[in-house]
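Protein chains in written order, with the working numbering: chain A, 1 to 223; chain B, 1001 to 1223. Single-structure report; data block below.
There are 2 protein chains.
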Amino acid sequence: MVDARTLSAVGAQSSEPVSRHERKQRTRQSLINSALRLLRDRSFAGLSLREVAKEAGIVPTAFYRHFASMDELGIALVEQSMRSLRLMIRDARRNPETYGDAIRSSVQTLYDHVRAHEEHFRFLTRERYGGVGPVQVAIATELRLFGSELAVDLGRFEGLNTWSAEDLRMMADLIVTAMLGTVTDLVDVRAPDQEADAEITRVARKQLRLIVLGVAGWRSDTP
Amino acid sequence: MVDARTLSAVGAQSSEPVSRHERKQRTRQSLINSALRLLRDRSFAGLSLREVAKEAGIVPTAFYRHFASMDELGIALVEQSMRSLRLMIRDARRNPETYGDAIRSSVQTLYDHVRAHEEHFRFLTRERYGGVGPVQVAIATELRLFGSELAVDLGRFEGLNTWSAEDLRMMADLIVTAMLGTVTDLVDVRAPDQEADAEITRVARKQLRLIVLGVAGWRSDTP
DNA sequence: GGTTACAGTGAACATGTGTGCACTAACAAG
DNA sequence: CTTGTTAGTGCACACATGTTCACTGTAACC
Chain A
1 MVDARTLSAV GAQSSEPVSR HERKQRTRQS LINSALRLLR DRSFAGLSLR EVAKEAGIVP
61 TAFYRHFASM DELGIALVEQ SMRSLRLMIR DARRNPETYG DAIRSSVQTL YDHVRAHEEH
121 FRFLTRERYG GVGPVQVAIA TELRLFGSEL AVDLGRFEGL NTWSAEDLRM MADLIVTAML
181 GTVTDLVDVR APDQEADAEI TRVARKQLRL IVLGVAGWRS DTP
Chain B
1001 MVDARTLSAV GAQSSEPVSR HERKQRTRQS LINSALRLLR DRSFAGLSLR EVAKEAGIVP
1061 TAFYRHFASM DELGIALVEQ SMRSLRLMIR DARRNPETYG DAIRSSVQTL YDHVRAHEEH
1121 FRFLTRERYG GVGPVQVAIA TELRLFGSEL AVDLGRFEGL NTWSAEDLRM MADLIVTAML
1181 GTVTDLVDVR APDQEADAEI TRVARKQLRL IVLGVAGWRS DTP
């Protein structure tokens, strides 16, 4: 009996006339957002199609109009979360990269973006290891690519422009892992305490500093 | 109709007369092993009570004779996996701790233990972030404790005996995170290629070396 | 203005799930 | 030998899940 369109899935938007594709993309986004919302306290594996559909305000079968399976939804989540990550390094790049203060500003932009798109980062860090399906391989692939980019960036620094590509990659991976650990600490804190946040970022800066200090004494040999 | 004891859940052991508690603990272990086996390609969240019970060769309701819920099984898995981890550092400690070669021997024992108890380490790394239930907090707690121990160990080294407890902790956490990343790489490799393993451990050594090199230039100030 | 494409509905299915209940047979203790 | 414990069984229930099917009303197209 209910009209399929008049009160659409996304909730009553201020009734602007929107195209059909527009509307479809809107409930598609609604599905994604619903999933992210539910993922606050569940892992992707423990997430059912019906649940997501209900949260988005559509009937289970309508889900298939947007995704062929839950895995496909997962991929979409990876893409969207990765976009957040890329926006972050874009931000990080345009900051003052004076060797001394690059650490502080990098951690700061990391922190800002994590707090701004908490669900994305929570999803990425959770499913990086947790998931086993296509989601995990998608994240792994994207993260590998991300590591490559960071390696290139690192190569531009003072003491690092003589390093081999392999060593740069090694260092980049170490930084990525360490920072993802920081992200996990940030998104899993129960009450977003201001003081706790300060402590976490402080440790993150120290870890980064320790790594960077190692550059001075580096020699690539020793198999 | 089937005899409940004569052909017990654990499979026909060579018919030694075993006590009752013995037998119970045996199927309990069988449940744990079955779970670990299933966890090879599933996350703990996507694991059902019935599935585990069937894999262990008992009927679903008998599961409750051993665990009140799946979460409780998860805790048992954490305990058992953590035992592997502790055995590892016990091994690592008795190795030659000459500052220069500590890295090589540490990574080697890490590698040996990971390959020897792959399921345990896979479970730990997967559910450390992936899980959300009691399992994750149990792992987090144990891992925090583990970090403390490592911090104490680090404090005994040459250049580190003057460091503050906080800084030692920071370094220990960095090392733990990095090494858990290595473990993930090891247990998620599809074909346990000998060459791939060598590469992974090589990178792990380099990362560890980079961190240790940073110790030389460390100054604890800079808030 | 009539026709088509299609996002959405609702009923239905087969299957898997967690859990309660009454029961059984062997062990351990009296 | 008797008796109580208990690990295990089998049945049953209520419910959630993924997926199918025929359908409907509207936006888009000729």
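The beta carbon of each residue, even a glycine, is placed where N, CA and C say it ideally should be. Remember, it's a predicted structure, so these values are computed and weren't measured experimentally.
Shortest alpha-carbon distance to L49(A) belongs to which of L208(A), R42(A), A35(A), E127(A)? Counting from one through the first sequence, the residue named residue 49(A) turns up at place 49. Closest option to L49(A), Cα to Cα, is A35(A).
Quick one, are the C-beta atoms of D1197(B) and L1208(B) less than 9 Å apart? By 1-based counting over the second sequence, the position of residue 1197(B) is 197. By 1-based counting over the second sequence, the position of residue 1208(B) is 208. Cβ atoms of D1197(B) and L1208(B): not closer than 9 Å.
Please check if any C-beta of chain A sits within less than 9 Å of the C-beta of E1118(B). As a working note, residue 1118(B) is residue 118 in the second sequence. Not one chain A Cβ lies under 9 Å of E1118(B).
Could you tell me whether the Cβ of S1069(B) comes closer than 9 Å to any Cβ of chain A? For this step, residue 1069(B) is matched to residue 69 along the second sequence. False, the Cβ-Cβ gap to chain A never drops below 9 Å.
Would you mind reading off the limits of the alpha helix (DSSP H) that contains Y1111(B)? Position 111 of the second sequence, counted from the first residue, corresponds to residue 1111(B). First-last of the alpha helix (DSSP H) with Y1111(B): 1102–1116.
What's the C-alpha gap between R1202(B) and R1104(B)? Here the question's residue 1202(B) lines up with position 202 in the second sequence. Here the question's residue 1104(B) lines up with position 104 in the second sequence. Whole-angstrom Cα-Cα distance: 9 Å.
I1075(B) and P1134(B): beta carbons closer than 9 Å? By one-based count along the second sequence, residue 1075(B) stands at place 75. By one-based count along the second sequence, residue 1134(B) stands at place 134. Contact: yes.
Can you give the Cα-Cα distance for S1043(B) and T162(A), rounded to whole angstroms? Numbered from its first residue, the second sequence carries residue 1043(B) at position 43. Numbered from its first residue, the first sequence carries residue 162(A) at position 162. Near 42 Å, if we compare the C-alpha coordinates of T162(A) and S1043(B).
Is the stretch 1140–1155 of chain B in contact with the stretch 1111–1122 of chain B, if contact means three or more CB pairs nearer than 8 Å? no
Rounded to whole angstroms, what is the Cα-Cα separation between T1184(B) and G1131(B)? Your numbering for residue 1184(B) matches position 184 in the second sequence. Your numbering for residue 1131(B) matches position 131 in the second sequence. Approximately 15 Å, taken between the alpha carbons.
For D221(A), which residues in the same chain have their Cβ closer than 6 Å to its Cβ, ignoring the five residues on either side in sequence? Position 221 of the first sequence, counting from 1, holds the residue named residue 221(A). Contacts found: none.
In this structure, how does DSSP classify A1138(B) when only helix, strand and coil are distinguished? Here residue 1138(B) refers to the residue found at position 138 of the second sequence. Reduced to three states, the DSSP call for A1138(B) is helix.
Give the secondary structure of R169(A) by DSSP, where H, G and I count as helix, E and B as strand, and everything else as coil. Mapped onto the first sequence, residue 169(A) falls at position 169. Residue state, collapsed to three classes: helix.
Any contact of the stretch 62–75 of chain A with the stretch 22–37 of chain A, i.e. 3+ C-beta pairs under 8 Å? yes
Mind checking if G131(A) is an interface residue toward chain B, Cβ cutoff 9 Å exclusive? Taking the first sequence and counting its residues from 1, the one referred to as residue 131(A) is at position 131. Yes, because at least one Cβ of chain B sits closer than 9 Å to the Cβ of G131(A).
Quick one: residues in its chain with C-beta nearer than 6 Å to the C-beta of V212(A), no 5 flanking neighbours on either side, listed in chain order? Translated into positions along the first sequence, residue 212(A) becomes position 212. So no residue of the chain qualifies.
E1142(B) and L1087(B) closer than 9 Å at C-beta: Taking the second sequence and counting its residues from 1, one reaches residue 1142(B) at position 142. Taking the second sequence and counting its residues from 1, one reaches residue 1087(B) at position 87. Not a contact, by the Cβ cut-off of 9 Å.
Measure the CB-CB distance between V1176(B) and F1157(B) and report whether it falls below 9 Å. Start at 1 with the first residue of the second sequence, and residue 1176(B) comes out as number 176. Start at 1 with the first residue of the second sequence, and residue 1157(B) comes out as number 157. Not in contact: V1176(B) and F1157(B) (Cβ atoms no closer than 9 Å).
Residue closest to A1169(B), alpha-carbon to alpha-carbon, out of L1110(B), D1193(B), G1155(B), N1033(B): Position 169 of the second sequence, counting from 1, holds the residue named residue 1169(B). In the sequence on display, residue 1169(B) carries Arg and not Ala. Minimum Cα distance to R1169(B) is reached at G1155(B).
Am I right that A1204(B) and M1179(B) are in contact with their C-beta atoms under 8 Å? What's the rounded C-beta distance? The residue labelled residue 1204(B) in the question sits at position 204 within the second sequence. The residue labelled residue 1179(B) in the question sits at position 179 within the second sequence. With 8 Å as the limit, A1204(B) and M1179(B) qualify as a contact, their Cβ atoms being about 7 Å apart.
Any beta carbon from chain A within less than 9 Å of R1144(B)'s own beta carbon? Numbered from its first residue, the second sequence carries residue 1144(B) at position 144. No - not a single Cβ of chain A is within 9 Å of the one on R1144(B).
Can you tell me whether DSSP reads L1047(B) as helix, strand or coil? Your numbering for residue 1047(B) matches position 47 in the second sequence. Residue state, collapsed to three classes: coil.
Give me the Cα-Cα distance between T125(A) and R1020(B), rounded to the nearest whole angstrom. By one-based count along the first sequence, residue 125(A) stands at place 125. By one-based count along the second sequence, residue 1020(B) stands at place 20. Computed Cα separation, rounded: 45 Å.
Apply the 10 Å Cβ neighbour rule to V59(A) and answer buried if 16 or more other Cβ atoms are within range, or exposed otherwise. By one-based count along the first sequence, residue 59(A) stands at place 59. By the 10 Å Cβ count, V59(A) comes out exposed.
What number of angstroms, rounded off, separates the C-alpha of G1181(B) from the C-alpha of L1047(B)? Residue numbering aside, residue 1181(B) sits at position 181 when the second sequence is read from its first letter. Residue numbering aside, residue 1047(B) sits at position 47 when the second sequence is read from its first letter. G1181(B) and L1047(B): Cα-Cα distance of roughly 24 Å.
Would you tell me roughly how many angstroms separate the C-alpha atoms of A1216(B) and G57(A), rounded to the nearest one? By one-based count along the second sequence, residue 1216(B) stands at place 216. By one-based count along the first sequence, residue 57(A) stands at place 57. Roughly 58 Å between the two C-alpha positions.
Helix, strand or coil: which one does DSSP assign to H1066(B)? On the second sequence, residue 1066(B) is found 66 positions in, with the first residue counted as 1. Of the three classes helix, strand and coil, the one that applies to H1066(B) here is coil, per DSSP.
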